[in-house]
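One structure below.
Residue numbers (the numbering used here): 337 to 456.
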């Protein structure tokens, strides 16, 4: 299984790498929306984890692009953000996001959420 992580903080990359090691998944990291789109030209991940606040383009913009492409529109998405306001949670739900996790996320919560999302 492949998880695409779109996150601009290196510390979160390290946390995810350590936390997801036990799930036996391949992780592809992207720091920007542009990086993510380049990765999505080469791979079709089983799950995408995306931060809302990214440099240049937002995670919302990435989600709009993903949902507009038939090859990608079905992919499960988990948002990992420090800004999980009610408005953001409602917007995420409207865009077909499976879960919104709040930073800092506990490793066990992250593992459980991703396991549940990957194995519905």
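Quick reminder that beta carbons are idealized off the backbone N, C-alpha and C, glycines included.
Could I get the ranges of all uninterrupted beta strand (DSSP E) runs contained in the region 376-443, with 3 residues as the minimum, in chain order?
383-386, 413-417, 435-438
Within a Cβ cutoff of 7 Å, which residues of the same chain sit near residue 372, ignoring the five residues on either side of it in sequence?
Mapped onto the chain shown, residue 372 falls at position 36. Excluding residues within five positions, the ones whose Cβ falls inside 7 Å are 340, 342, 366, 398.
For residue 416, is the classification buried or exposed, using 16 other Cβ atoms within 10 angstroms of its Cβ as the cut-off for buried?
Position 80 of the chain shown, counted from the start, is the residue given in the question as residue 416. The residue is buried, with at least 16 neighbouring Cβ atoms inside 10 Å.
Measuring CB atoms only, is the region 394-410 touching the region 345-357, in the sense that at least three cross pairs come out at less than 8 Å?
Verdict: no, contact absent.
Quick one: grab the DSSP three-state call for residue 360.
Numbered from 1 along the chain shown, position 24 holds the residue referred to as residue 360. The answer is coil: DSSP assigns residue 360 none of H, G, I, E or B.
Looking only at DSSP bridge pairs, what is residue 366 linked to?
The count along the chain shown starts at 1 and reaches residue 366 at position 30. Per DSSP, 342.
Do residue 450 and residue 390 have their C-beta atoms within less than 8 Å of each other?
Within the chain shown, residue 450 is the residue found at index 114, counting from 1. Within the chain shown, residue 390 is the residue found at index 54, counting from 1. Contact flag unset, no.
Could you give the C-beta distance for residue 361 and residue 338, rounded to a whole number, given that I count them as a contact under 8 Å?
Taking the chain shown and counting its residues from 1, the one referred to as residue 361 is at position 25. Taking the chain shown and counting its residues from 1, the one referred to as residue 338 is at position 2. About 7 Å; that satisfies the 8 Å criterion.
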